[in-house]
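Residue numbering for the sequence shown follows our numbering, starting at 1 and increasing by one per position. The C-beta atom is built at its ideal place from N, Cα and C for all residues, glycine as well. Being a predicted model, the structure only gives us computed values, none of them experimental. To start, the structure itself, in structure tokens.
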Amino acid sequence: MTLEAAAIRLLVRNWRGRYTVPAGGLYPHQWSWDSAFIAIGWRHLSARRAQQELESLFSAQWSDGRLPQIVFDPSRDDDYSPGAAFWRSAELPGSPPVPTAGLVQPPNHAWAALLVHRADPRESRRRGFLERAYPALVAWHTYLRDRRTDASGLAHVVHPWESGMDNSPFWDEPLSAVPEAGLDRVPRPDLEHAAATDRPSDTEYRKYLHLAAAYRDAGVADDGSEQFRVHDPAVNALWARSELALGEIAGELGERADHDERAQRIADALERLWHPGLGCYVARDARTGRLQEHRTVSGLVPLILSGVPRAPELLETLRGPSFRLGTSVLVPSADVQAPTFDTSRYWRGPSWFNTAWLMVEALERHGAEHEARSLARDVITHAEASGFAEYLHPFTAAARGTRAFSWTAALALDLHHRFPKA
Ligand code: 9WN
């Protein structure tokens with residue numbers, strides 16, 4: 001079977017009528033930033049499905065504008081933890097009519113909406129896609145600005161899950177002061193679908209559950225009581241990239257708006273996260289002001305912005321001994337030389353396909369055409385060879401996490417269309 005046929009088969013299998021699950025066993029609900037990546041793949045097959053994927057998420061938007069981390073399928077509530085019964089979102093102010101988590105995920109949605117529109121502008125106009133998406137996306141960005149941004153101009157995450165890179169070394173220090181949820185047994189349905197050595201530990205899960213419960217019990221109010229508040233480079237870079245996309249969407253609709261200025265303000269604020277000694281951006285604990293001194297792939301993501309002033313240093317770091325572009329398998333999620341490096345455990349070293357896709361964008365944007373093409377072709381090869389794994393051992397390419405993972409297929413499909421075999 002060709003890559004294209006295999007990727008299509010997987011996406012069709014994971015489609016649930018209005019959205020695509022990230023993986024049928026491990027992740028049986030709709031996830032926020034997954035849906036944006038998945039829509040970027042669907043747009044090559046069905047502009048309509050790509051639009052529905054995003055619209056399904058918008059229909060779960062909260063009245064304060066937040067797009068939830070997870071929209072739950074109530075029929076699968078025993079299969080993932082924490083689920084709808086944990087969040088009890090109907091009891092929280094401003095929640096939508098469907099059960100969701102109270103947290104959010106990185107804001108890649110406006111960027112995805114623009115790419116989906118461009119894939120088939122006629123179908124998009126016929127369905128009034130941008131007219132409906134634009135207000136939802138503006139409300140989402142307004143939530144980030146009004147509820148999640150402090151004087152630094154950067155948006156913070158209140159839980160590691162919100163970064164999408166759940167057990168990154170960035171969170172080690174901010175999590176060290178967080179108590180563990182007092183549970184006899186941590187519910188881990190995830191371990192039925194992935195090896196324990198590939199997933200976060202029980203200790204991390206106890207802290208995740210403590211933070212999520214405290215945020216829920218404070219009415220998801222963003223009132224400053226959170227015990228975890230961190231500025232993450234990838235979250236803010238994606239926000240700036242999406243703000244630029246909103247500017248283009250506004251232009252399509254003939255709206256006048258100041259999205260470009262807003263994007264520039266976020267990009268300027270990102271400079272607070274620059275670490276000259278490490279040659280990359282780092283996370284910052286917004287409660288203590290401390291920079292988290294680790295090289296992770298998140299710290300390279302600002303390269304997706306064309307005007308980023310640190311492009312030469314970032315490219316050097318990407319090519320250097322910490323990430324070894326061209327020698328490692330795709331792009332490791334964390335510095336392969338660091339004491340925290342782990343070849344299997346999630347976001348502490350393994351290579352992921354969404355971040356490789358972001359680095360293809362970054363390399364293209366900064367004129368490294370040859371490396372962009374070569375990384376794109378590697379994404380396609382490894383996606384297929386690994387059975388569309390969730391992530392890979394960064395030296396051997398052995399599959400890690402779950403298989404048949406939707407964004408792996410969607411993003412490989414996208415690159416297959418954009419970088420046809422020479
Ligand atoms: C928690 C769904 C999600 C991705 C994240 C990835 C993983 C969840 C988990 O799966 O996180 O949201 O249970 O580990 O880290 O990026 O969105 O694919």
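According to DSSP, is His210 helix, strand or coil? The residue given as residue 210 occupies position 210 in the sequence shown. In the structure shown, the three-state DSSP call for His210 is helix.
Could you tell me if the beta carbon of Pro22 falls within a distance shorter than 7 Å of some heavy atom in ligand 1? Taking the first residue of the sequence shown as position 1, residue 22 is located at position 22. Yes, ligand 1 has a heavy atom inside 7 Å of this Cβ.
Looking only at its chain, what residues have a beta carbon closer than 8 Å to the beta carbon of Arg290, apart from the 5 residues adjacent to it on each side? Locating residue 290 in the sequence shown gives position 290, counting from the first residue. Contacts found: Glu173, Arg284.
Would Trp171 and Gln105 be called neighbours here (beta carbons separated by less than 8 Å)? By 1-based counting over the sequence shown, the position of residue 171 is 171. By 1-based counting over the sequence shown, the position of residue 105 is 105. No, they are not a contact pair.
Bridge partner(s) assigned by DSSP for Ile70: Here residue 70 is taken as the residue at index 70 of the sequence shown, counted from 1. Per DSSP, Trp31.
Among Lys421, Val220, Ser242, Ala409, the one whose alpha carbon lies nearest that of Trp357: Translated into positions along the sequence shown, residue 357 becomes position 357. Nearest C-alpha to Trp357 among Lys421, Val220, Ser242, Ala409: Ala409.
What is the rounded straight-line gap between the Cα of Gly307 and the Cα of Phe405? Position 307 of the sequence shown, counted from the first residue, corresponds to residue 307. Position 405 of the sequence shown, counted from the first residue, corresponds to residue 405. The straight-line gap from Cα to Cα measures roughly 33 Å.
For Trp274, which beta-bridge partners are listed by DSSP? Here residue 274 refers to the residue found at position 274 when the sequence shown is read from its first residue. Beta-bridge annotation (DSSP): Trp274 is paired with Tyr281.
Of the residues Arg373, Asp217, Pro135, which one's Cα is nearest the Cα of Ala101? For the purposes of this step, residue 101 is identified with residue 101 of the sequence shown, where counting begins at 1. The closest CA to that of Ala101, considering only Arg373, Asp217, Pro135, is found on Asp217.
Determine, using beta carbons only, whether His294 and Pro169 come nearer to each other than 8 Å. Taking the sequence shown and counting its residues from 1, the one referred to as residue 294 is at position 294. Taking the sequence shown and counting its residues from 1, the one referred to as residue 169 is at position 169. Contact flag set, yes.
Alpha carbon to alpha carbon, how far is Ala71 from Arg373? Translated into the one-based positions of the sequence shown, residue 71 becomes position 71. Translated into the one-based positions of the sequence shown, residue 373 becomes position 373. Per the sequence shown, the amino acid found at residue 71 is Val instead of Ala. Rounded to the nearest angstrom, the two C-alpha atoms are 35 Å apart.
Measuring straight from C-alpha to C-alpha, what distance separates Lys421 and Ala376? Taking the sequence shown and counting its residues from 1, one reaches residue 421 at position 421. Taking the sequence shown and counting its residues from 1, one reaches residue 376 at position 376. Rounded to the nearest angstrom, the gap between the Cα atoms of Lys421 and Ala376 is 10 Å.
Ligand 2 heavy atom lying under 7 Å from the CB of Gln69: You won't find ligand 2 in this model; what it holds is ligand 1.
I need the straight-line Cα distance from His44 to Arg287, nearest angstrom please. Locating residue 44 in the sequence shown gives position 44, counting from the first residue. Locating residue 287 in the sequence shown gives position 287, counting from the first residue. Answer to the nearest angstrom: the Cα atoms are 43 Å apart.
Measure the alpha-carbon distance for Ala221 versus Arg229 and round it to whole angstroms. Within the sequence shown, numbered from 1, the residue matching residue 221 stands at position 221. Within the sequence shown, numbered from 1, the residue matching residue 229 stands at position 229. Spanning the alpha carbons of Ala221 and Arg229 requires a straight line of approximately 14 Å.
Excluding sequence positions up to five away, which residues of its chain have a Cβ less than 7 Å from the Cβ of Thr402? For the purposes of this step, residue 402 is taken as the residue at position 402 of the sequence shown. Answer for Thr402: Ala23, Gly25, Leu26, His193, Ala194, Glu390, listed in chain order.
Checking 8 Å against the spacing of the C-beta atoms, do Ser351 and Ser333 come in under that value? Counting from one through the sequence shown, the residue named residue 351 turns up at place 351. Counting from one through the sequence shown, the residue named residue 333 turns up at place 333. Between Ser351 and Ser333, the CB-CB gap stays under 8 Å.
Pro96 to Asn108 span [Cα, whole Å]: In the sequence shown, the residue the question calls residue 96 occupies position 96. In the sequence shown, the residue the question calls residue 108 occupies position 108. For Pro96 and Asn108, the distance between alpha carbons rounds to 21 Å.
Measuring alpha carbon to alpha carbon, tell me which residue in Ala237, Glu243, Leu92 is nearest Tyr281. Against the sequence shown, residue 281 aligns to sequence position 281. Checking every option, the nearest Cα to that of Tyr281 belongs to Ala237.
Beta-carbon proximity list for His423, same chain, < 7 Å, skipping 5 on both sides: It is not possible to answer for residue 423, since the shown part of the chain is limited to 1 through 422.
Is the CB-CB distance between Tyr134 and Leu253 below 8 Å? On the sequence shown, position 134 is the one that residue 134 refers to. On the sequence shown, position 253 is the one that residue 253 refers to. With contacts defined by Cβ atoms closer than 8 Å, Tyr134 and Leu253 form a contacting pair.
Confirm the yes/no value for this check: CB of Tyr27, any heavy atom of ligand 1, distance under 7 Å. The residue labelled residue 27 in the question sits at position 27 within the sequence shown. For ligand 1, at least one heavy atom lies less than 7 Å from the Cβ of Tyr27.
Count the other CB atoms, across all protein chains shown, that sit within 10 Å of the CB of Arg125; report buried if there are 16 or more and exposed otherwise. Taking the first residue of the sequence shown as position 1, residue 125 is located at position 125. So Arg125 counts as exposed.
Quick one: measure Cβ to Cβ for Ala269 and Leu144, integer angstroms, because I've assumed they're closer than 8 Å. The residue labelled residue 269 in the question sits at position 269 within the sequence shown. The residue labelled residue 144 in the question sits at position 144 within the sequence shown. Actually they do not touch by this definition, with Cβ atoms about 12 Å apart.
If distances are taken between C-alpha atoms only, which option among Ser328, Thr296, Val331, His231 comes closest to Pro339? As a first step, residue 339 is located in the sequence shown; it is residue number 339 there, counting from the start. Of the candidates Ser328, Thr296, Val331, His231, the one whose C-alpha sits nearest the C-alpha of Pro339 is Thr296.
The alpha helix (DSSP H) spanning Asp146 covers which residue range? Mapped onto the sequence shown, residue 146 falls at position 146. Start and end: 129-148.
Pull up the CB-CB distance for Ser298 and Pro394, whole angstroms please, since I reckon it's below 8 Å. Here residue 298 is taken as the residue at index 298 of the sequence shown, counted from 1. Here residue 394 is taken as the residue at index 394 of the sequence shown, counted from 1. Not a contact, Cβ separation roughly 16 Å.
For Leu392, the three-state DSSP class (helix, strand or coil): Counting from one through the sequence shown, the residue named residue 392 turns up at place 392. When secondary structure is reduced to three states using DSSP, Leu392 falls in the strand class.
Please state if the CB of Ile40 and the CB of Asp414 are separated by a distance shorter than 8 Å. Within the sequence shown, numbered from 1, the residue matching residue 414 stands at position 414. Within the sequence shown, numbered from 1, the residue matching residue 40 stands at position 40. Against a cut-off of 8 Å, the Cβ pair of Ile40 and Asp414 comes out as a contact.
Taking the C-alpha atoms as reference points, what is the distance between Glu204 and Glu123? Here residue 204 refers to the residue found at position 204 when the sequence shown is read from its first residue. Here residue 123 refers to the residue found at position 123 when the sequence shown is read from its first residue. Straight through space, the alpha carbons of Glu123 and Glu204 are spaced by roughly 45 Å.
If we count the other Cβ atoms within 10 Å of its Cβ and call it buried at 16 or more, is His370 buried or exposed? The count along the sequence shown starts at 1 and reaches residue 370 at position 370. Exposed.
Based on the DSSP secondary-structure assignment, which residues constitute the bridge partners of Gln292? The residue you call residue 292 lines up with position 292 of the sequence shown. The partner list for Gln292 (beta bridge, DSSP) reads Ala283.
Say yes only if the C-beta of Gln30 is nearer than 7 Å to one or more non-hydrogen atoms of ligand 1, and no if none qualify. Residue numbering aside, residue 30 sits at position 30 when the sequence shown is read from its first letter. Annotation for Gln30 indicates a beta carbon at 7 Å or more from all heavy atoms of ligand 1.
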